[in-house]
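Just so we're aligned, residue -3 is where the sequence shown starts under the working numbering, counting upward by one. As structure tokens, the structure follows; a few thoughts come after it.
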Amino acid sequence: MRFEQLEQFVALGVLRHFRQAAEQTQISTSALTRSIQTLENEMGYELVKRSTRSVKLTPEGELFLEYAKTTLSELELTKKRIFQSVNGNANEKLVIGYTNKASSIVPISCGQFLAQYPHIKIEMQLQNQQELTRKLQQGEIDISVYSQAINSIGSDIHLPDQLVLFVSKNHPLAHKNDISKQNLDSYPMFGCFSQSKQVQTMLNEAIDSLNKSSSIKVGSIDQVMAGVVKSDHFAIASIEHANTIAENPELVQLKTNKDLNHEQLVVQTSQQTSITEHVEHLLSLIKKAGATFS
């Protein structure tokens, strides 16, 4: 018994006409007649009552018609499940949010994924990290991809890009590759005024974070550099003075976590996202692409 025979019997049982059933199943009337006779021989019962005017099913034929319909329905469902397992659900959609620093990874990874699973839709959203976090928590995106600095042990100084730390070239910290707050505890601090109100606010916040607000000495960039050269103080200044500091052979800029330029990719999924085989595959592509991320 073949599935084609079941399809042919269902067509005959619904249409109750040999010629029309033969046309629907794209075989000849004689071939359909032989197919029904083969089924009857295999079942051991007469399934169809034939007459010149009409086709009627026997009670056994009616039972077999229900069996054939159910079997064919299960076959289609199984085919659909297999197709989705291999190619993904045609209605499945993944929303991926990522930051600028991950823009060299996410589109490429998604392109590789779609080459294998073209039936799955992907929406990519370029967002800042704060918005990514909000959307992930709200379930508005399925996957979040961003980068964060990897700090070596002790690298707990987080300065904005607009600020720099520096010391005398003879300072004990001058050539240390990893500066922590604890390293700075033993040394007094100079702070340089900034004409920018925004930068000055950053300076004040940085001074507070380093626990130096009660003992810091402040001045112009020239006064601060002169004081640093002659002492074991360290200093903080605006990036606008970076060239001036770099041109002074007696000064060295300290390396904090933002200067190490070493980052890792962070890939997160929403708790509302079902981790299917396809989602796992996409995540693996992103993580693989981010393995050399720095």
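Glycine included, each C-beta is placed from N, C-alpha and C at the ideal position. What you are looking at is a predicted structure, and each value in this text was computed from that prediction instead of being measured.
query: DSSP three-state assignment for serine 190, whether helix, strand or coil; result: coil
query: Integer Cβ distance of valine 6 from lysine 65, believed to fall under 8 Å; result: 6 Å
query: Residue interval of the beta strand (DSSP E) (run including glutamine 249); result: 247 to 249
query: Backbone secondary structure at glutamine 22 - three-state DSSP; result: coil
query: With 16 other Cβ atoms within 10 Å as the buried cut-off, status of aspartate 218; result: exposed
query: Isoleucine 271 - DSSP class collapsed to helix/strand/coil; result: coil
query: Cβ pair count under 8 Å reaching 3, the stretch 245 to 252 against the stretch 159 to 176; result: yes
query: Segment limits, alpha helix (DSSP H) that includes isoleucine 217; result: 217 to 225
query: Cβ pair count under 8 Å reaching 3, the stretch 121 to 133 against the stretch 184 to 201; result: no
query: Short Cβ contact (8 Å threshold) for glutamate 3 with threonine 21; result: yes
query: Span separating the alpha-carbon of glycine 286 from that of threonine 265; result: 16 Å
query: Rounded C-alpha distance that separates threonine 197 from isoleucine 104; result: 40 Å
query: Meets three-Cβ-pair contact criterion under 8 Å: the stretch 160 to 174 and the stretch 224 to 242; result: yes
query: Classification of threonine 95 by the beta-carbon crowding that lies within 10 angstroms, buried from 16 upward; result: buried
query: Residues near leucine 159 in its chain [Cβ-Cβ closer than 8 Å; skip 5 each side]; result: Val195, Met198, Leu199, Ala202, Ile232, Ala233, Ser234, Ile235
query: Distance between beta carbons of methionine 39 and phenylalanine 14, contact taken as under 8 Å; result: Wrong, their Cβ atoms sit about 19 Å apart, outside the cutoff.
query: Completely contained alpha helix (DSSP H) runs for the stretch 48 to 72, where each covers 4 or more residues; result: none
query: Residue(s) in a DSSP beta bridge with glycine 107; result: According to DSSP, which records beta bridges pairwise, glycine 107 is partnered with nothing at all.
query: Glutamate 119 to glycine 93 span [Cα, whole Å]; result: 8 Å
query: For arginine 12, the three-state DSSP class (helix, strand or coil); result: coil
query: Residue from Met221, His237, Gly187, Val224 whose Cα sits closest to the Cα of lysine 213; result: Gly187
query: N- and C-terminal bounds of the beta strand (DSSP E) containing glutamine 121; result: 117 to 122
query: Closest by C-alpha distance to proline 184, when choosing among Gly57, His167, Lys208; result: Lys208
query: Serine 50 beta carbon less than 8 Å from that of arginine -2; result: no
query: Proximity winner among Glu246, Ser216, Glu88, relative to histidine 237 (alpha-carbon distances); result: Ser216
query: DSSP three-state assignment for lysine 158, whether helix, strand or coil; result: Here the sequence assigns glutamine to residue 158, which means lysine is not the residue at that position. Residue state, collapsed to three classes: coil.
query: Separation of glutamine 33 from glutamate 56, as counted between CA atoms; result: 14 Å
query: Inter-residue Cα distance where the pair is proline 245 and leucine 110; result: 54 Å
query: Start and end residues, alpha helix (DSSP H) containing isoleucine 241; result: 238 to 243
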